[in-house]
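K.L.:
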Amino acid sequence: MAGFNKIVSTAALAALVATPALAEKANQLSSISGSLGRDAESALQSRGFTHISTHKSDSGFINSYWWKAQSKDCVNVEIYDGRVMTINDATAGDCGHSSGGGDAAAAVAVVAGAAILGALLSHKSHHHENDRHLEDAQAEQQYERGYTDGMHNASYHNYDRSDAYSNGYTAGVSERNANLSHHSGRGGYRSYAQINDLNGARAAGGMSELERRGFRQVDNFATGNTRYSIQWQPQSRQCVQVTIADGKLYDVRDIGQHPKCR
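Residue numbering for the sequence shown is -23 to -1, 1 to 239, as defined by mature numbering (1 follows the signal peptide of the UniProt record, and there is no 0).
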C-alpha cells in the first residue's frame, strides 16, 4: 500500500511539473466574453484552439468545446442569444482527449476516476448542474447511461433508482429536444409550416409572418391582458394557438385541433 501511495504522489507531482508553459485557461480568454458567437470562433481559432463539439439545450443555451493541442487545454464556451455568456475550463475528456502522461496519468486515474472517465463519456461537464463531472466514478457512469437513454429517446429505465441516472436522463432529453426543434413532431408527406421560431416575436410582426406562412385567424378571445388567437393553415392542416401578452407572441404552439380549425 505504501508503494501505491508513493506512485500516486509521484504521478501527481509529475502532472504539476509537466503543466505546459503555454497553457491558456478560460480566465485568460475573458476578453471574448460578450462577443458574438462568430467573432468568438475566429478569436479562439487565432489562438490555436480547434472546435470539438457543440451541444444545444431546450432552454436556448449553446455550449461548444474547444481544444488547444499545444497546451492540452479544453474550454467550454457558453452562448445565449448569439453572444458568449461565459468561458469555463473543461476536462480533457470533454474534448475527447486523455490528460496525457502515460503511466503517471494511469496512477492518478485511480484517485480521480471520474476526470479520466471523461475521455470515454458522451455527455459533457456543462450537462451537470454545477458544470463538473461527478467525482464518484460509478455515479458518473449512471449519469452517462441516463444521458444516453434520454438523448436517444429510450425508455426511462432507472433500475438502480439513482439520482445520477435521473439527472442524466433529463439532460439527454433536453439536448434531444433542442436538436429536433426544427421538427414538427409529425410524419408522412404533408407539408409543414414552421412556427417555433416565432416564440418571443413582436406581436405585429409575428402575426404578419403567420399570415405570410399561410395561416388565417379562425377564432380569438382575451383573458385580462392576455389575448389568444387560433390560427389555421389549410395546406398543412395545422391548428395553432398564439398567446399574446406585453406586445409579444408569448407562446406559439400547435394544439392539433379546434372546432374552428377546418
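C-beta atoms are modelled at their ideal positions from N, C-alpha and C, and glycine is treated no differently.
Computed from a prediction, not measured in an experiment: that's the story for all the values here.
1. With DSSP as the reference, label I64 as helix, strand or coil.
2. Pull up the DSSP beta-bridge partners for K33, would you.
3. Check for me: the alpha helix (DSSP H) holding S143 runs from which residue to which?
4. Where V88 and R179 are concerned, what is the direct C-alpha to C-alpha distance, given to the nearest angstrom?
5. According to DSSP, simplified to helix, strand and coil, what is L226?
6. What is the DSSP secondary structure of residue 241, counted as helix, strand or coil?
7. Under a three-way DSSP split, which group does S206 fall into?
8. If we call anything under 8 Å between Cβ atoms a contact, is L226 one with L175?
9. When DSSP labels each residue in this structure, what does A81 get in the three-state scheme?
10. When the distance is taken between beta carbons, is D50 closer than 8 Å to K101?
11. Return the residue from the list A181, E186, G165 that minimises the CA-CA distance to Q171.
12. DSSP three-state call for R179: helix, strand or coil?
P.N.:
Looking at the atomic coordinates:
1. I64: strand per DSSP, three-state reduction.
2. Here K33 is bridged, per DSSP, to I39.
3. Counting along the chain, the alpha helix (DSSP H) containing S143 begins and ends at 140 to 156.
4. Since pLDDT at V88 reaches only 41, below the 50 mark, its modelled position is unreliable, and no value is offered.
5. L226: strand per DSSP, three-state reduction.
6. Outside the shown range of the chain (-23 to 239) lies residue 241, about which nothing can therefore be said.
7. DSSP places S206 in strand when its eight states are reduced to three.
8. Yes, they are a contact pair.
9. Confidence at A81 is low in this model, with a pLDDT of 39, below 50, so the placement of that residue should be treated as unreliable; the coordinate-derived value is given next. Three-state DSSP puts A81 in a helix.
10. K101 is not a Cβ neighbour of D50, given a cutoff of 8 Å.
11. Comparing C-alpha distances from Q171 to each of A181, E186, G165 shows the shortest one belongs to E186.
12. If DSSP states are grouped into helix, strand and coil, R179 belongs with the strands.
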